[in-house]
Structure formats: structure tokens, C-alpha cells
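Data block below; observations after.
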Amino acid sequence: SKLILSPASASCPQFAELYSTRLDMDLKRFIRDVPDFPEPGVLFRDITPLLQNAQAFRYTIDKLTERFEDSGLAAVVGIESRGFLFAAPLASNLGLPLVPVRKPGKLPAAHMRVEYALEYGTGELDIHSDALHRDAAVVIVDDLIATGGTAVAAAKLVELLGARVNALAFVVELVDLGGRKRLQDYEVFSLIRYG
């Protein structure tokens, strides 16, 4: 039998929570715009309100789960640090291992490292050398994609281990900054788009 929920069901306490997570939710309502942060002229998209709202956070994780269930994935790769917030519950929901991609000096065992360009200078990311099996299919998760530099570096790390990037998933995408274009060789999935 099929459970059918209606707005009237939402008035019953036992159905209210279930009903609220099944409706389409405008997640932009849970992103705070912070002008001139971290420097003048930058409009920062703050995900903290989304994290602080249990229903919005659950909805976000549910949408990511719906997209990637039955995708033949072997692991979920999370990018430090805010990517972990979404990658960990996604991995748990999918019953898959979580593979962290970290900043230098954070991984204790043998690891691979890539350097990538930032707006002013360079950055580096590490992954444990034994984190993924050859030909393992993964999704890479981060909170936000802007220029795509960090995501490209994470994809390179996965490929250095001989694994395959099936997709990259982001909660927020800043379209005008061109990250999707830099990732044109991959499927890119995002829940909230600006620009």
C-alpha cells in the first residue's frame, strides 16, 4: 500500500515531520548573504542557517541521497572542511565509506598530494594512498562550487589513485564564477544556484 500525505496530514504530529521533508523546499531561504566577507567586494553565501535548521538540512541530505542512490558508487569523497558536513551523512545513507580529502598535515598515513591554483597563490590537498581501489566509482561532495579549483584538485587526487569520478555534488553553485565549465569532463550536480 502507498502512504499518501496531504497538507491536512501535516497537522498530525506523527506525520508533520515526514510531510515537511517530502515537499519541495526553497533552500535559498536558508542561505545567508554576507556582504564584504571575507574581504570587501565579496558576497559570501553562508550555509550556517541551513545547518541550523534540521528540516532544511535533512531535506538537503535526502535530495543528495535520492540523486546518488543506485548509482553504482563505491565511496563518497568529502572535501575539507564544509564538504564533510554533507558527505558524511550522504555516505551513511548510501551505506558507503567516506573518504576525506584534507589540507596538508592532517592525514597520518601515506598519502598523495596535489597542488592547485588559488586566486592569490596556491593550495594543496591530500588523500590517503589506500583510500580507494582502482576503478572505484565515487562522488565528490563539497558545500559550494565557485571557480572549481578545489573540486578539480580533488578529482585529480581520486584519479591518481586509479579511481573514477562519477559526479561532483555541491549544495551551492556560484554559476557566474565558472566552476562548472572547469569541470566539463564530469557530471556536476548542485541544489542551489546563484548567478
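According to my numbering, the sequence shown is numbered sequentially starting from -12. Backbone N, C-alpha and C define an ideal beta-carbon position, used for all residues, glycine too.
*Return the bridge partner residues of I127 from the DSSP annotation.*
Walking along the sequence shown from the start, residue 127 turns up at place 140. In the DSSP output, where bridge partners are listed per residue, I127 has V64, L155.
_Given 8 Å, three or more beta-carbon pairs between the stretch 131 to 147 and the stretch 165 to 176_ = Contact between the stretch 131 to 147 and the stretch 165 to 176 is present, because at least three Cβ pairs lie under 8 Å.
*Report all residues from its chain with a CB closer than 7 Å to the CB of L119; omit the five preceding and five following residues, and keep chain order.*
Counting from 1 along the sequence shown, the entry for residue 119 is found at position 132. These residues qualify, in order along the chain: A62, V86, V125, V145, L148, A150.
*For A(-5), name the three-state secondary structure that DSSP assigns.*
Indexing the sequence shown from 1 puts residue -5 at position 8. Below a pLDDT of 50, predicted positions are generally treated as unreliable, and A(-5), at 44, falls in that range; the measurement from the model is reported next regardless. Helix, per DSSP.
*Where T47 sits in the DSSP three-state scheme*: The residue you call residue 47 lines up with position 60 of the sequence shown. The answer is helix: DSSP assigns T47 an H, G or I state.
*Going by the CB atoms, is the gap between F73 and D130 shorter than 8 Å?*
The residue you call residue 130 lines up with position 143 of the sequence shown. The residue you call residue 73 lines up with position 86 of the sequence shown. Yes. Within cutoff.
*Just reading off the beta strand (DSSP E) that P22 is part of, what are its end residues?*
In the sequence shown, the residue the question calls residue 22 occupies position 35. It spans 19 to 22 - the beta strand (DSSP E) in which P22 sits, taken as one unbroken run.
*Sufficient close CB pairs (3 or more, under 8 Å) joining the stretch 36 to 43 to the stretch 14 to 24*: yes
*Looking at I127 and L155, is the spacing between their C-beta atoms short of 8 Å?*
Numbered from its first residue, the sequence shown carries residue 155 at position 168. Numbered from its first residue, the sequence shown carries residue 127 at position 140. Yes. Within cutoff.
*May I have a chain-ordered list of the beta strand (DSSP E) segments no shorter than 3 residues that lie completely inside the stretch 77 to 107?*
85 to 88, 98 to 105
*Keeping to the same chain, check which residues put their C-beta closer than 7 Å to that of C(-1); ignore five residues upstream and five downstream.*
Sequence index remark: in the sequence shown, residue -1 carries index 12 (1-based). Because C(-1) carries a pLDDT of 49, less than 50, the predicted location of this residue cannot be relied on, and no value is offered for it.
_Measuring only the C-alpha atoms, how far is G65 from L112?_
Your numbering for residue 65 matches position 78 in the sequence shown. Your numbering for residue 112 matches position 125 in the sequence shown. Spanning the two alpha carbons is a distance of roughly 12 Å.
*Given a threshold of 16 other Cβ atoms within 10 Å of its Cβ, counted over all protein chains shown, does A96 qualify as buried or as exposed?*
Along the sequence shown, read from residue 1 onward, the residue named residue 96 stands at position 109. The residue in question, A96, is exposed, as its Cβ has fewer than 16 Cβ neighbours within 10 Å.
*asked:* Please report the straight-line C-alpha distance between I179 and L14, rounded to a whole angstrom.
replied: The count along the sequence shown starts at 1 and reaches residue 179 at position 192. The count along the sequence shown starts at 1 and reaches residue 14 at position 27. Cα to Cα, I179 sits roughly 7 Å from L14.
*Following the continuous beta strand (DSSP E) through L38, name the residue where it begins and the one where it ends.*
Mapped onto the sequence shown, residue 38 falls at position 51. Run containing L38: none in the beta strand (DSSP E); it sits in the alpha helix (DSSP H), 35 to 39.
*Looking at the structure shown, is V175 part of a helix, part of a strand, or coil, going by DSSP?*
Residue numbering aside, residue 175 sits at position 188 when the sequence shown is read from its first letter. Residue state, collapsed to three classes: strand.
*Leaving out five residues on either side along the sequence, give the residues of the same chain with a beta carbon under 6 Å from the beta carbon of R167.*
In the sequence shown, counting from the first residue as 1, residue 167 sits at position 180. The answer, listed in chain order, is V175.
*Could you say which of P76, A133, A138 lies nearest to V101 if we only look at CA atoms?*
Looking up residue 101 in the sequence shown gives position 114. For V101, the nearest C-alpha among the options comes from A138.
*Are V159 and T47 closer than 8 Å when you measure CB to CB?*
As a first step, residue 159 is located in the sequence shown; it is residue number 172 there, counting from the start. As a first step, residue 47 is located in the sequence shown; it is residue number 60 there, counting from the start. Against a cut-off of 8 Å, the Cβ pair of T47 and V159 comes out as no contact.
_Residues of its chain near L60, where Cβ-Cβ distance is below 8 Å and the 5 sequence neighbours each way are ignored_ = Residue mapping note: residue 60 aligns to position 73 of the sequence shown, counting from 1. The residues L81, L83, A124, V125, V126, N153, in chain order, have a CB closer than 8 Å to that of L60 in the same chain once the five nearest residues on each side in sequence are set aside.
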